[in-house]
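Going letter by letter, the sequence shown gives residues 0 to 292 in numbering that gives the first Met the number 0. For glycine and all other residues, C-beta sits at the position ideal for the given N, C-alpha and C.
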Amino acid sequence: METGNRRFRTKAVPALLVVTTLLISIMMFIKPTASKPILAQEQKDAETKDQPKQKESKEKDKGIPRPTHNHPAFSEHIKERERLVANYIQDDISDPNVLRAMRTVPRHAFVRPGDLYRAYKDHPISIGLGQTISQPSIVAYMTEALKLGPMFKVLEIGTGSGYQAAVCAEIAEEVYTIEILEELAETAKERLKKLGYGNVFVKAADGYFGWKEKGPFDAIIVTCAAGFVPPPLIEQLKPNGGMILPLGSPYGVQTLVLITKDDKGKVRSKELIPCIFVPMIGQMDKAKSSPKK
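Printed below as a string of structure tokens:
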């Protein structure tokens, strides 16, 4: 019996070797096509990594560049900007986009050389020609009131140094800003270009009339005091849009007012806080001096 079993094993071994070899060969062909399982976190990381590229591609297709932040000014006085936000802004402002913008925009690049030491103090600073750069806390307050989004088109009346336009440009997609004093408009345009704000467009004109060919706008910010809301600005405000401006006498304290327009075109206003701004000039002066009918 044992002799018979040995013969059986002897004959079975070659056959078993053939089968084993065949299986190994099949496995060798199959192995390269097997893929490693992708963990949920790995897939999420890959998607997150691709998102900025997709967003950048869309922006390039549209032809509107985002702020580059390559200018040396962005790497200067970083601690001063952090202290400015910590001491004067973050207690009253909750919008993270506004806080980020205030920490990012180099205010010292928007003031005259003799005022560099005052750039990160919370007060307005003269920029010449009877105009000022607004105090940072007011800039932040007005920006937050408009609830800017990344796809917003913003109109600013009163470019001045360009500081408020730059803050808005850090959040919104496009900013169109008008300055009635041509010298300031040209200076601001050149400054914003050097700083890499390719999504800010400057025009020397009377802001009373807005910028009709570029409208309508999701948000409008007026940085000069008006006796009343200019009708062209109401017309250029989109439904569900918002406008903030100082209303009142140019010779005293004004009130920041938030104007909103609903989806049916109905306009509402809300008084916010007292403020002091330089007056809106141009057509606003003519309208105030015209006899009432």
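Proximal residues to residue i (C-beta, below 6 Å), its chain only, five neighbours per side dropped
i, result
"Gln282", "Asp205 and Tyr207"
"Val174", "Val153, Ala164, Cys167, Ala168 and Val199"
"Tyr196", "Pro66, Ala165 and Ala168"
"Asn86", "none"
"Leu180", "Leu128"
"Glu270", "Thr254 and Val256"
Minimum C-alpha distance to residue i - residue among the options
i, options, result
"Val104", "Phe200, Pro273, Asn86 and Ala139", "Ala139"
"Glu260", "Glu185, Ala85 and Leu145", "Strictly speaking, residue 260 in this sequence is Lys, with Glu absent from that position. Minimum Cα distance to Lys260 is reached at Leu145."
"Thr131", "Thr158, Lys285, Thr142 and Met150", "Thr158"
"Ala100", "Phe73, Arg117 and Ile233", "Phe73"
"Glu234", "Ser125, Lys265 and Pro95", "Lys265"
"Pro149", "Met242, Ile63 and Pro278", "Ile63"
"Glu172", "Phe276, Asn96 and Ala203", "Asn96"
"Phe227", "Ala184, Leu257, Arg80 and Pro215", "Leu257"
"Arg80", "Asp91, Leu98, Asp90 and Ile92", "Leu98"
"Ala184", "Ile92, Ile126, Ile170 and Phe151", "Ile126"
Rounded separation between residue i and residue j - CA only
i, j, result
"Leu236", "Asp121", "30 Å"
"Asp262", "Gly240", "9 Å"
"His70", "Ala187", "16 Å"
"Tyr116", "Glu75", "13 Å"
"Asp284", "Thr176", "20 Å"
"Pro249", "Ala224", "6 Å"
"Leu244", "Ile88", "20 Å"
"Ser268", "Leu246", "11 Å"
"Lys326", "Arg106", "The requested residue 326 does not occur in the structure, where the chain is confined to residues 0 to 292."
"Lys213", "Leu128", "28 Å"
"Ile275", "Ser133", "10 Å"
"Lys78", "Phe216", "35 Å"
"Pro312", "Asp90", "Lying outside 0 to 292, the shown extent of the chain, residue 312 is not represented and no answer is given."
"Glu143", "Ala218", "11 Å"
"Leu83", "Tyr119", "6 Å"
"Ile220", "Pro123", "17 Å"
"Ala203", "Pro112", "24 Å"
"Arg102", "Phe151", "21 Å"
"Ile280", "Ile170", "28 Å"
"Ile156", "Ile137", "15 Å"
"Met141", "Ser93", "13 Å"
"Leu147", "His68", "20 Å"
"Asp114", "Val201", "24 Å"
Residues near residue i by beta carbon distance below 8 Å, same chain, minus five either side
i, result
"Pro231", "Tyr207, Phe208, Gly209 and Lys211"
"Arg190", "Ala108, Phe109, Ser160 and Gly161"
"Pro273", "Val252, Gln253, Thr254 and Leu255"
For residue i, the three-state DSSP class (helix, strand or coil)
i, result
"Met242", "strand"
"Cys274", "strand"
"Glu173", "strand"
"Arg106", "helix"
"Ser268", "strand"
"Lys188", "helix"
"Lys285", "helix"
"Lys202", "strand"
"Met101", "helix"
Proximal residues to residue i (C-beta, below 7 Å), its chain only, five neighbours per side dropped
i, result
"Pro278", "Cys223, Ala224 and Pro249"
"Glu182", "Leu128"
"Met26", "With a pLDDT of only 43 at Met26, under the threshold of 50, the placement of this residue in the model should not be trusted; the figure read from the coordinates follows. Same-chain partners within the cutoff: there are none."
"Pro135", "Leu83, Tyr87, Ile88, Met101, Arg106 and Asp121"
* Please list the segments of the beta strand (DSSP E) lying wholly inside the region 204-259, counting only runs of 3 or more residues, in order along the chain. => 216-221 and 236-246
* Starting from the N-terminal side, write out each stretch of the beta strand (DSSP E) that is 3 residues or longer and does not extend beyond the region 60-99. => none
* Asked: Can you give, in chain order, each stretch of the beta strand (DSSP E) that sits fully within the region 109-165 and has at least 3 residues?
  -> 124-127, 130-132 and 152-156
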